[in-house]
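Okay, so here's the structure we're looking at.
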Amino acid sequence: MSGHSKWSKIKHQKGADDIKRGNLFTKLTREIIVAAREGGGSAENNFRLRLAVQKARDSNMPMDNIDRAVKKGTGELGGGSLAEMKLEGYGPNGIAILVNALSDNRNRTVQEVRSTFTRHGGSLGESGCVSWLFESKGVITIKAENVDADELALAAIDAGAEDVKVESGYVEVYTAPTQLEKVRQALEKTKVKIESSELVMAPKSLIKLDEKAGVQALKLLDKLEEIDDVQNVSSNADIPDSVMATYQAA
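Residue numbers (this note's numbering): 6 to 255.
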């Protein structure tokens, strides 16, 4: 799952810029709206809403914003109609890419995603063409500094985690989707600061890229993430650490 870990590092470091642009809060708001619309406004009885609200709080989103988003989802406040979309395609060297989006205009979103793939050496594929290469996982991310990674890993495994990775300054704890909350609660008792916890589509296997293809893939993933309607992007690219470092510094 190191492909997810490496891309996550860049996304975490971009977090401050995302907040400045308003992109992050917009994406978080949309997720809360859809979660509340589908499962109701009670976080206690709505797992997806609980997860969305927790993610928003981890990102320091004001509670007023969260409450407004919930009310838009339940219909107490007016809000645009959002539809969920899963788009699939290929990047450099045939890497698989999944794009999850929430949009009030499907045609616009498909066109934006398709043109982004095309401009950066990829292609949008048919529904189902790559989704079988991924599986749903819970992932909890913790900064590695001032953390005993071994003790943290033991606590996570004891709580039901499937795997723990220490990579690029972060500890990532992987769980079955149904175990995400339980493992997070156990880790919170150890007083570690949790950066985020979310459900992701993790690749079952990775495709190793060289420097040229790695840079091209990172640009494509980055541009897809920047599309307003796109919530998250998953890939099975295995990009060399040296390429990641150069890309981050650029």
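Every residue, glycine too, gets a C-beta built ideally from N, C-alpha and C. Here the structure is a predicted model, which is why all the values come from computation and not from measurement.
Less than 8 angstroms separating the beta-carbons of residue i and residue j?
i	j	result
Ala101	Ser240	yes
Val58	Ile71	yes
Leu56	Leu92	no
Met90	Arg73	no
Gly94	Gly126	no
Val171	Ala191	no
Glu167	Ala181	yes
Leu87	Ser108	yes
Leu138	Lys76	no
Our contact map puts residue i next to residue j with C-beta atoms below 8 angstroms; I'd like the distance itself, whole angstroms only.
i	j	result
Gly256	Val188	This structure gives no information on residue 256, because the portion of the chain shown stretches from 6 to 255.
Ala61	Glu140	The pair is not a contact, with the Cβ atoms about 25 angstroms apart (cut-off 8 angstroms).
Ala242	Gly96	7 angstroms
Ile212	Gly99	7 angstroms
Leu33	Met66	6 angstroms
Thr195	Leu226	Thr195 to Leu226, Cβ: 32 angstroms. No contact.
Gly78	Ala40	7 angstroms
Hey, could you find the ends of the alpha helix (DSSP H) residue i is sitting in?
i	result
Thr4	Since the first residue of the chain shown is 6 and the last is 255, residue 4 is not available in this structure.
Val58	Phe52 to Asp63
Ile38	Asn28 to Gly44
Ser108	Where Ser108 is concerned, there is no enclosing alpha helix (DSSP H), although the beta strand (DSSP E) it sits in stretches over Ala101 to Ser108.
Leu192	Leu185 to Glu193
Gly133	Note, Gly133: premise wrong, no alpha helix (DSSP H); not H, not E.
Taking the alpha-carbon of residue i as reference, which of the options has the nearest alpha-carbon?
i	options	result
Arg53	Arg35, Pro67 and Asp163	Arg35
Asp63	Ile244, Asn112, Leu29 and Val75	Leu29
Val238	Thr195, His125, Ser108 and Leu229	Leu229
Lys142	Arg113, Val205, Lys32 and Asp155	Val205
Ser103	Val118, Asp246 and Arg113	Note that residue 103 is Leu in the sequence shown here, rather than Ser. Nearest C-alpha to Leu103: Val118.
Asp233	Val171, Ala41 and Val115	Val115
Lys217	Val248, Glu231, Gly44 and Leu226	Val248
Gly80	Gly45, Arg113, Thr31 and Leu185	Gly45
Thr183	Gly133, Gln236 and Val144	Val144
Arg113	Ala254, Asp246, Glu43 and Val235	Val235
Thr31	Arg42, Ser132, Glu231 and Ala254	Glu231
Val215	Val152, Asp246 and Gln253	The question names Val, yet the displayed sequence has Asp at residue 215. Nearest C-alpha to Asp215: Asp246.
List the endpoints of the continuous beta strand (DSSP E) containing residue i.
i	result
Asn237	Val235 to Ser240
Glu172	Asp168 to Glu172
Leu204	Ile199 to Pro208
Ala4	The first residue shown for the chain is 6 and the last is 255, placing residue 4 beyond what the model contains.
Ser141	Phe139 to Lys148
Lys228	Looking at the DSSP string, Lys228 is not in any beta strand (DSSP E); the run it does join, the alpha helix (DSSP H), is Glu216 to Glu231.
Leu92	Ala88 to Tyr95
Is there at least one Cβ from chain D nearer than 8 angstroms to residue i's Cβ?
i	result
Leu54	Absence of chain D from the displayed structure is noted, only one protein chain being present.
- Query: Per the contact definition of three or more C-beta pairs closer than 8 angstroms, is the region 222-231 in contact with the region 173-180?
  - Reply: Output reads no: the region 222-231 does not touch the region 173-180.
- Counting Cβ pairs closer than 8 angstroms, one from the region 193-200 and one from the region 144-154, do we hit at least three? Result yes; three or more Cβ-Cβ pairs closer than 8 angstroms.
- Just checking, does the region 110-125 make contact with the region 150-162 on the three C-beta pairs under 8 angstroms criterion? Judged by Cβ distances under 8 angstroms, the region 110-125 makes no contact with the region 150-162, as fewer than three pairs qualify.
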